[in-house]
Structures are given as C-alpha cells and as structure tokens.
Amino acid sequence: MFFSAAVFAQIDTSIVFLGDIDSTIATDVRYATKNNFTGQILYPTDKVYIRKIVGESLKSAQSYLIKNYNLSIKVFDAYRPLSVQKKMWEIFPNPNYVADPSKGSRHNRGAAVDVTLIDSNGNEIDMGTEYDNFTEKAHSDYPNLPEKIKNDRKILRDTMIKFGFEPIESEWWHFDYNGWNKFSILDIEIN
Ligand SMILES: [Zn+2]
Numbered sequence: 034m035f036f037s038a039a040v041f042a043q044i045d046t047s048i049v050f051l052g053d054i055d056s057t058i059a060t061d062v063r064y065a066t067k068n069n070f071t072g073q074i075l076y077p078t079d080k081v082y083i084r085k086i087v088g089e090s091l092k093s094a095q096s097y098l099i100k101n102y103n104l105s106i107k108v109f110d111a112y113r114p115l116s117v118q119k120k121m122w123e124i125f126p127n128p129n130y131v132a133d134p135s136k137g138s139r140h141n142r143g144a145a146v147d148v149t150l151i152d153s154n155g156n157e158i159d160m161g162t163e164y165d166n167f168t169e170k171a172h173s174d175y176p177n178l179p180e181k182i183k184n185d186r187k188i189l190r191d192t193m194i195k196f197g198f199e200p201i202e203s204e205w206w207h208f209d210y211n212g213w214n215k216f217s218i219l220d221i222e223i224n
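In terms of my numbering, the sequence shown is numbered consecutively and its last residue is 224.
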C-alpha cells in the first residue's frame, strides 16, 4: 500500500477543481456532452474535479511530460459523482465496461483519471483508439499497433506510474491512484 494510515490521515483528500491546481492541464469532459458512449449528457459541468492529492500528482506528471517530451496531459474524466455512475449503469449495465454503482467506480472515489497526451499545439496524440473504445485494441499492451503508438502509450504509462498512478489492462487512458481504496465513494454535487 502506498500510504500508511498515519500518513493518509494527514493528506488533503478534499475534492477540488483541477484548474485551481494546474490550469495548464487541458480537459475535454465528454460526459458533459453527448459525445460519449452513452450518447447522453451526464455531467452538469465540463469542469474537472479531483482529490487534491491526486490532482497534485497529475500536476507533477504534467511538468515532467512538458520538460522531457514537449507533451502534456488532457483529462477526459476524474471525479465522477455516484449519481452519475447510477445513470451510466441504467444506460449500459455491462460490468465489463461500467462499474456497478453498488460497488462504485474508482472514479467515484476521486482517485482515478482518464487521460491522454497532447502536443504543444493542443492536438491529441494518436493512441490507437479513441477514448472509451471498448475493444481489445484499447488494451494497454495490445501488440498489433505501430511502434510510435506503442511508444506514446508507454510514455503516458511510465509517466503516470512514476507519479503515483497504476494502469489497468483494458483501457490505455485509465489510471488509478495508488491507495485508491482508502478514498471513500462520494456523491457530491458538481457544477
Ligand atoms: Zn476511467
């Protein structure tokens, strides 16, 4: 485990607006538009909210990417209210793609992020699939991809790991924050 209980008790776990931590991190909250796998608007705002400590780690990852690769982060999703998880589940009750709200998603804990890389002009780097592509091609280690794409996925993955996140196998864009299970599931209103 990443945090001992004593350390965890001292960190700032409040949910905050990501732009207040790092306004250079781009965002594209698809769930605030109809351009997402449900085809429905699920969020009342396109502002990204996140646990403070998770946002600070993302800020460190952002600085590192700019400095070493001239790339930066774009966030699709971070904290997701439990009420939104319930709505997603109603629309698409498939546990392979949507976390069952009775268990909650790591996003409901404010301890997961969906991210990609952008270049210095703000253009998304080709990662082989779109965000929320539910095919094998979106698996982090999918082998049949051009070398450049595999390498760009590796840059994202290695950077996120370096700053306290862990990847999952099925989605190249999703990263859990280490110790995510210590953060409780929250249903706070975002606007
Ligand atoms: Zn995710």
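By construction, the Cβ of each residue, glycine as well, lies at the ideal position given by its N, Cα and C atoms.
Burial state of residue i, where buried means 16 or more other Cβ atoms lie within 10 Å
i: A145; result: buried
i: G72; result: exposed
i: F125; result: exposed
i: Y301; result: Outside the displayed range of the chain (34 to 224) lies residue 301, so it cannot be described from this structure.
i: D165; result: buried
i: Q43; result: exposed
i: D138; result: Looking at the sequence shown, residue 138 is not Asp but Ser. It counts as buried.
i: I48; result: buried
i: N214; result: exposed
i: M34; result: With a pLDDT of 45 at M34, under the threshold of 50, the predicted position of this residue should be treated as unreliable, and no value is reported.
i: I11; result: Nothing can be reported for residue 11: it is not among the residues displayed for the chain, which extend from 34 to 224.
i: A38; result: exposed
In DSSP terms, what residue i is bridged to
i: A145; result: D209
i: K107; result: A59 and T149
i: V40; result: According to DSSP, which records beta bridges pairwise, V40 is partnered with nothing at all.
i: P200; result: F208
i: Y82; result: F50
i: E157; result: I151
Minimum C-alpha distance to residue i - residue among the options
i: N156; options: F208, D133 and T60; result: T60
i: D147; options: F208, Y97, A38 and A65; result: F208
i: G197; options: P176, Q95 and P128; result: Q95
i: D116; options: K100, K107 and S135; result: The sequence as given places Ser at residue 116; Asp does not occur at that position. Of K100, K107 and S135, the residue nearest in Cα terms is S135.
i: K100; options: N211, I218 and I188; result: I188
i: V62; options: D191, F109, K92 and N68; result: F109
i: K181; options: D159, M193 and S173; result: D159
i: K67; options: M121, Y210 and S203; result: M121
i: S105; options: S217, E199 and D185; result: D185
i: S93; options: T57, N127 and P128; result: T57
Own chain, CB closer than 8 Å to residue i, minus 5 neighbours either side, in chain order
i: I223; result: Y76, P77, T78, K80, Y82, Y112 and P114
i: Y130; result: F70 and F167
i: E89; result: I54
Same chain only: Cβ atoms within 6 Å of residue i, ignoring 5 sequence neighbours per side
i: N103; result: S153
i: I201; result: H207
i: Q118; result: P134, S138 and N141
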